[in-house]
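*Asks:*
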Amino acid sequence: MINLSTGAFYERSATQIGALRARAENLQKQIGTGERLEKSSDDPVAAARLRMLDREERISKVDTRNSEAAENNLKFTDQALSQMTVMISRARELALHAANATTSDEQRASIATELDGLRENLLGLANGRNASGHSLFGGQAVGNAYDVDPVTGVATYVGTATLDEVEIGEGQTITPGNTGPQIFALEAADGTKSDIFAELAALSTALRGGGQASADAAREGLSTLDTSFEKVTTAQTVLGSRMAWLELMTDRRTDNLERIADERSVMGGADPAVTMTRLQEMMTVLEASQASFVRLANLNLFTMLR
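Here the sequence shown is numbered in my numbering, starting from 1165 and rising by one per residue.
#1: Mind pulling the beta strand (DSSP E) runs of 3 or more residues that sit fully within the region 1302 to 1359?
#2: Grab the span of the alpha helix (DSSP H) containing Ser1299 for me, first residue to last.
#3: Does the Cβ-Cβ distance between Phe1487 and Leu1300 come in under 9 Å?
#4: Nearest by alpha-carbon distance to Glu1278: which of Asp1242, Ile1424, Leu1371, Ser1224 is it?
#5: Assuming Ser1274 is part of the alpha helix (DSSP H), what are its boundary residues?
#6: Quick check on this structure: which residue in Ala1263, Ile1338, Arg1428, Arg1215 has the alpha carbon closest to the alpha carbon of Arg1375?
#7: With burial defined as no fewer than 16 other Cβ atoms inside 10 Å of the residue's Cβ, what is the status of Gly1302: buried or exposed?
#8: Using CA atoms only, rank isn't needed, just tell me which of Arg1229, Leu1286, Ala1244, Thr1228 is closest to Ala1255.
#9: Report buried or exposed for Val1306, applying the criterion of at least 16 other Cβ atoms within 10 angstroms of its Cβ.
#10: Using only CA atoms, which one of Ala1273, Glu1284, Ala1381, Thr1339 lies nearest to Ala1234?
#11: In the DSSP output, what is Arg1293 paired with across the bridge?
#12: Under three-state DSSP, which class holds Asp1227?
#13: Are Glu1334 and Arg1416 close, meaning C-beta to C-beta below 9 Å?
#14: Quick check: Met1248 and Val1402, are their CB atoms within less than 9 Å of each other?
#15: Tell me whether Gly1353 is buried or exposed, calling it buried when 16 or more other Cβ atoms sit within 10 Å of its Cβ.
#16: Using 8 Å as the cut-off, can you tell me whether the region 1349 to 1367 makes contact with the region 1380 to 1394, which would need three or more C-beta pairs spanning the two stretches below that distance?
#17: Assuming Gln1346 contacts Ala1399 (C-beta within less than 8 Å), just tell me the rounded distance between them.
#18: Within 10 angstroms of its Cβ, does Ser1368 collect 16 or more other Cβ (buried), or is it exposed?
#19: For a test of the three-state rule: what should DSSP assign to Asn1264, helix, strand or coil?
#20: Let me check understanding here. Comparing Cα to Cα, which of Met1407, Leu1260, Asp1227, Gly1344 lies closest to Ile1332?
#21: How long is the line joining the alpha carbons of Val1250 and Arg1428, rounded to whole angstroms?
#22: Taking just the CA atoms, how far does His1298 sit from Ala1276?
#23: Output yes or no for whether 9 Å exceeds the beta carbon distance between Gln1304 and Leu1282.
#24: Use the C-beta contact count for Met1413: other C-beta atoms within 10 angstroms, 16 or more gives buried, fewer gives exposed.
#25: Do you know whose CA, among Asp1426, Ala1425, Gly1341, Asn1420, lies nearest Gln1243's CA?
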């Protein structure tokens, strides 16, 4: 016959009921938080996978910020390029008119004044900034892309030669814009380097000179303006392809985040229906154990077993 003291009975019963209550509270917590794992030791394999998923999610958030910044810069750049095409087209119209033999010197001087305005506006766009205040065409430079001499009016590129690529996920990178020379630089057949700003200034000066030389300068300027227009529209096409690539990568990143969320739910999430059923079962066992304890504690025979 096993001898069981009253103290031992109470101690063992309290331990058993306490363990059942702790398990019930844990199930209630799982229902409240939706999480199955409270600590890594609950399921080491699942915990390790969850840590890996957390890392993937953090990296994805960094890629998202990079993509949003790149998209912002590309959109502002595209808007600037669109305005440039309008201005260069207008400059070409003016040059064509100036090249006409019937155009007077006074008219060419007036055209020169409008060309000066277009050049100034183009420089304003070249020194444009995005929403973050970063130079659109200055590469990695903080300030303006072009410095304009207050005396001569000569525009000099002061930005960096290149623009750093940014990571947008899955090992992919993208260049979030263009440098000034990529858009505005020109090179003659003999290798002479120039840019649209210098060419417009030279054309304006020639038109003010009057005579046949001004008409000849206007005709030569048409070819230069055509080249500039082509460079800007080509840049727009490249920009459009980059924006499409960004959109594709954004969609893939969204799909990946959904996969991470689903896998996290499977690995570490608590199924509401299953957990609720287990809680109900646990509460039934707990109530039965408590009732059994009360009945045994109140038996008269129990006092004889001390």
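Glycine included, each C-beta is placed from N, C-alpha and C at the ideal position.
Owing to the predicted nature of the structure, the values given are computational and were not obtained by experimental measurement.
*Replies:* Put simply:
#1: 1310 to 1312, 1319 to 1321, 1330 to 1333, 1336 to 1338, 1349 to 1351, 1357 to 1359
#2: From DSSP, Ser1299 is part of no alpha helix (DSSP H); its letter is neither H nor E.
#3: Outside the displayed span of the chain (1165 to 1470) sits residue 1487, for which this structure offers no information.
#4: Leu1371
#5: 1269 to 1290
#6: The residue you asked about is not Arg; residue 1375 is Gly in the sequence shown. Among Ala1263, Ile1338, Arg1428, Arg1215, the Cα nearest to that of Gly1375 belongs to Ala1263.
#7: buried
#8: Leu1286
#9: exposed
#10: Thr1339
#11: Ser1299
#12: helix
#13: yes
#14: no
#15: The sequence shown places Ala at residue 1353, rather than the Gly named in the question. It is exposed - the Cβ of Ala1353 has fewer than 16 other Cβ atoms within 10 Å.
#16: yes
#17: 7 Å
#18: buried
#19: coil
#20: Asp1227
#21: 52 Å
#22: 32 Å
#23: no
#24: buried
#25: Gly1341
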